[in-house]
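Chemist:
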Amino acid sequence: MMQSFMSYLGSTVPPGNAGNQLWALIYVLIIFVAVSLTVMWLINWVERKALAHFQVRLGPMRVGPHGLLQPFADALKLMLKEDIIPDQADKAVFWFAPVIGLLASFTVYIVIPFGPSQAVSDMNIGILFMLGVSSLGVLGIVTAGWASNSHYPLMGALRSSAQMVSYEVAMGLAVVSAILMTSLNSTGTGTLSMIGIVEAQQQQGVWFLFKFFPLGVIAFVIFAIAMVAETNRAPFDLAEAESELTAGFHTEYSGLRWSLFMLAEYAAMMAVSSIAVTLWLGGWLRPFPNLLHGPAWEFIFSLFPGLSFAAFAAIAFIGTVRMPSDSFFKVQRIGLGIFGLTLAFTALLLLVIAFVGRGDDVNIAGRLREGIDYVFWFLLKVAIFMYLFFWYRATWPRYRFDQLMKIGWKVMLPISLGALIATAIVGVLVK
Amino acid sequence: MNPAINVGAAPLATPWFFYGLAAAAVVSGLLVITRRNAVHSALALIVTLLSVAGLYLMLYAPFVAGVQIIVYAGGIMVLFLFVIMLVNIERVAKERQFNRIWPVGLLASCALFALFVGAFIKGKSVLPQRMIQLPEAMNTQAIGGALYGEAGRMGLYTFAFEIASLLLLVAILGAVIMTKKKI
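Those protein sequences? They're chains A and B, same order as listed.
Numbering follows my numbering, with no gaps: position 319 of the first sequence is 309.
Numbering follows my numbering, with no gaps: position 36 of the second sequence is 19.
1. Mind checking the region 48 to 80 of chain B against chain A and listing, in chain order, the residues whose C-beta falls within less than 9 Å of any C-beta there?
2. Quick check on Trp(-1) (chain B): buried or exposed, where buried means 16 or more other Cβ atoms within 10 Å of its Cβ?
3. Got a sec: which bits of the region 117 to 131 of chain A sit with their beta carbon under 7 Å from any beta carbon on chain B, in order along the chain?
4. Using C-beta distances below 8 Å, list every residue in its chain close to Ala56 (chain B), excluding the 5 sequence neighbours before and after it, in chain order.
5. Let me confirm a value: Asn222 (chain A) is counted as buried when at least 16 other C-beta atoms fall within 10 Å, else exposed. Which label applies?
6. Rounded to a whole number of angstroms, what is the C-alpha to C-alpha distance between Ala261 (chain A) and Lys165 (chain B)?
7. Between Ile115 (chain A) and chain B, is any beta-carbon pair separated by less than 9 Å?
8. Look at the Cβ atom of Gly135 (chain A), then the Cβ atom of Met60 (chain B), and state whether they are nearer than 9 Å.
9. Does the region 136 to 154 of chain A come into contact with the region 233 to 250 of chain A, if we say contact requires no fewer than three beta-carbon pairs (one atom in each stretch) closer than 8 Å?
10. Alpha carbon to alpha carbon, how far is Asp392 (chain A) from Arg357 (chain A)? Give it in angstroms, no decimals.
11. Please work out which residues of its chain come closer than 7 Å, Cβ to Cβ, to Met402 (chain A), disregarding the five sequence neighbours upstream and downstream, and give them in chain order.
12. Short of 7 Å Cβ to Cβ, which residues in the region 92 to 110 of chain A face chain B?
13. Taking any Cβ of chain B, which residues in the region 145 to 176 of chain A have a Cβ under 9 Å from it, in chain order?
14. Can you give me the C-alpha to C-alpha distance between Val47 (chain B) and Ser111 (chain A), rounded to a whole angstrom?
15. Just checking: is the beta-carbon of Val22 (chain B) within a distance shorter than 9 Å of some beta-carbon in chain A?
16. Using a Cβ cut-off of 7 Å, pull out every chain B residue sitting near Trp136 (chain A), in sequence order please.
17. Below 7 Å on C-beta distance, what does Leu182 (chain A) contact in chain B?
18. Hey, Leu170 (chain A) and Trp270 (chain A) are a contact pair by Cβ (cut 8 Å); roughly how many whole angstroms apart?
19. Report yes if the CB atom of Tyr423 (chain A) is closer than 9 Å to the CB atom of Val36 (chain A), and no otherwise.
20. Thinking Met145 (chain A) and Val128 (chain A) are a contact (beta carbons under 8 Å), I'd like their distance in whole angstroms, please.
21. Anything in chain A within Cβ reach of Pro(-2) (chain B), meaning under 8 Å, just list it in chain order.
22. For Ser280 (chain A) and Leu118 (chain A), I'd like the C-alpha separation in whole angstroms.
23. Within 10 angstroms of the Cβ of Ala164 (chain A), are there 16 or more other Cβ atoms? Answer buried if so, exposed if not.
24. Quick one: what's got a C-beta closer than 7 Å to Lys81 (chain A)'s C-beta in the same chain, skipping five residues either side?
25. Let's see if you can read the secondary structure: which residues bound the alpha helix (DSSP H) around Val66 (chain B)?
26. Whether or not the region 367 to 375 of chain A and the region 345 to 353 of chain A are in contact is what I'm after, with contact meaning three or more pairs of Cβ atoms, one per stretch, closer than 8 Å; do they touch?
27. Mind pulling the chain B residues with CB within less than 8 Å of Thr133 (chain A)?
28. Under 9 Å between beta-carbons, which chain A residues line up against Phe46 (chain B)? List them in chain order, please.
29. Identify, in the order they occur along the chain, each residue of the same chain with its Cβ nearer than 7 Å to the Cβ of Ile422 (chain A), setting aside the five sequence neighbours on each side.
30. What three-state label does DSSP hand Gly54 (chain A) in the structure shown?
31. How would you list, in chain order, the residues of chain A whose beta-carbon sits under 7 Å from the beta-carbon of Ile126 (chain B)?
32. Assign Asn34 (chain A) to one of two classes, buried (16 or more other C-beta atoms within 10 Å of its C-beta) or exposed (fewer than that).
33. Establish whether the CB of Lys146 (chain B) and some CB of chain A are separated by less than 9 Å.
34. Secondary structure at Gly273 (chain A), three-state DSSP: helix, strand or coil?
35. Which value, in whole angstroms, describes the spacing of the CA atoms of Val504 (chain A) and Gly206 (chain A)?
36. Output the boundary residues of the alpha helix (DSSP H) element that contains Ile160 (chain B).
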């Protein structure tokens, strides 16, 4: 057991490929806990704060300093709420619908490559698996809408299934044009594996976003629009349009079941963001890995995780100092100070690892430093996408349903098809 | 490009995986034909399709498994549900089945069962004992070669594949013309 535990540290392939069940299980647990916590606490808090500031409000301020503990209070409230199943609902399907959505959005994390060996498994059909399983998420919405046996949820479910099926087409074509680019190597054979796609970008020395400019950008923009529609987020959130359908497909849901839908939605948002990051933004690669290489640059870039945590800690400390001196704020000030200290300690730890493990990729410290770098750059890119989701929600009004269908079929589909054909032609010409 | 896969390790896909997936496929397949509620049948069909996808994975055909999930479970079944959801379930549940097609179905399934039994008993002498096992990474590439051809040559199934796509195009055009009298 101990040997198996240590053996993985030297491995350069994901545990799923090395046949290392123990580490695969550990990875699955880490991912499950980390994703749930990020969605429940961090993303929930950041979204509410960001939306509030967009609208010149303060957002949650009462529970914990700057509302930092508000998500926990909400989670507790949702857990204690009465769980209502409507009398006329189809009980079994009503019960199972949120689970379908949750299973679909968490299963895709198996193939997400946080690093060359920091993934549960590297499937040969990685991207196909991700698209397939994330398209199963719509089944949760459809069955929830139907099982509620009520008009608004049914309308929401119908809208959502029509929307997802039509945007999947443009999304798939955009993905194919990125996969085509992986085949521009000496063997002429591309790959569908998520890790293989990132390695292809490293070999070709360019993120696929900038490849064959502007073809890569076009495919990326199509995907970035389609993924917002796929996850039912504003401005494409017609399935839960509150001004028309109360709350859409989850009108009849309350308490814990409702929160499962939210968890599934946000987990799916992170999953599609990581597809975009893997396909077009170089996955775990740091900026300019081929141009700025060598031990010195390696060391400078490995300081980034620690420094960013240090910046967060500094913000928390500034907040502590600026807190009003009234005795009412005493507890909040202590809380924010402790939070800042935790961040500062994390920053220190990361900096020490970066310092000890510099110029080394064999020993434990070196492996750890490498892993932290990969995961940091990957998560940074995903975080940018998550922020974009909030930004869209605060900025754009919701589309009408006919406008949505028109954009999907008459604008995005032809453009993505054209980009795919152009990519294929340019790829042949370049060779 | 793909990191070396540990060939020497014991395969994770043991016979128990097969028994589990096969049992899930059979049980949910039975549910598809015995449920009166059409939505329940459709959901059971999704379980069947997913367990068949798992069986494809066990046969070292990951690409087929992925396509099975995307096309059938994620695409076609969503459209199925889309239509079925609009049906008045209560009325349908009371209605008696009016087609008399079950003898044909029984005959067909008996024939299929006989075929399976025959393959099980005499299979060893008729079918090749062992297929050449391609490494998992080659599967997608091999399918691509068979469908589209490699190195300037036409693939084994290129012609059939293109004909099938033409058939689908005709079906799509037919559907459009039937719904829209004036185009």
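We treat Cβ as the ideally placed atom computed from N, Cα and C, and that holds for glycine.
Modeler: Based on what the coordinates show:
1. Ala48, Gly49, Val50, Gln51, Ile52, Ile53, Val54, Ala56, Gly57, Gly58, Met60, Val61, Leu62, Leu64, Phe65, Ile67, Met68, Leu69, Ile72
2. exposed
3. Leu118, Phe119, Leu121, Gly122, Val123, Ser125, Leu126, Val128, Leu129
4. Ile29, Leu32, Leu33, Ala36
5. buried
6. 43 Å
7. yes
8. no
9. yes
10. 52 Å
11. Ala160, Ile212, Ile215, Ala216
12. none
13. Ala147, Leu148, Ser151, Ala152, Met154, Val155, Glu158, Gly162, Thr172, Asn175
14. 18 Å
15. yes
16. Val22, Met68
17. Thr123
18. Going by Cβ atoms, the distance from Leu170 (chain A) to Trp270 (chain A) rounds to 13 Å, so no, they are not a contact pair.
19. What is shown of chain A runs -9 to 421, which leaves residue 423 (chain A) out entirely.
20. In fact, because the Cβ distance is near 15 Å, the residues do not count as touching under 8 Å.
21. Those do not exist, as Pro(-2) (chain B) stays about 17 Å from chain A at its closest Cβ, beyond 8 Å.
22. Looking at the sequence itself, residue 280 (chain A) is Asn, so the reference to Ser does not match. Looking at the two C-alpha atoms, the distance is approximately 29 Å.
23. buried
24. Ile75
25. 60 to 67
26. no
27. Val22, Leu26, Leu64
28. Asn114, Ile115, Leu118, Leu182
29. Because chain A here runs from -9 to 421, residue 422 (chain A) falls outside it and cannot be looked at.
30. coil
31. Neighbours of Ile126 (chain B) on chain A: none; closest Cβ ~11 Å, over 7 Å.
32. buried
33. Lys is not the amino acid found at residue 146 (chain B); the sequence shown has Ile there. Judged by the 9 Å Cβ criterion, Ile146 (chain B) is not in contact with chain A.
34. coil
35. Within the shown structure, residues of chain A are numbered from -9 to 421, placing residue 504 (chain A) beyond reach of any answer.
36. 141 to 162
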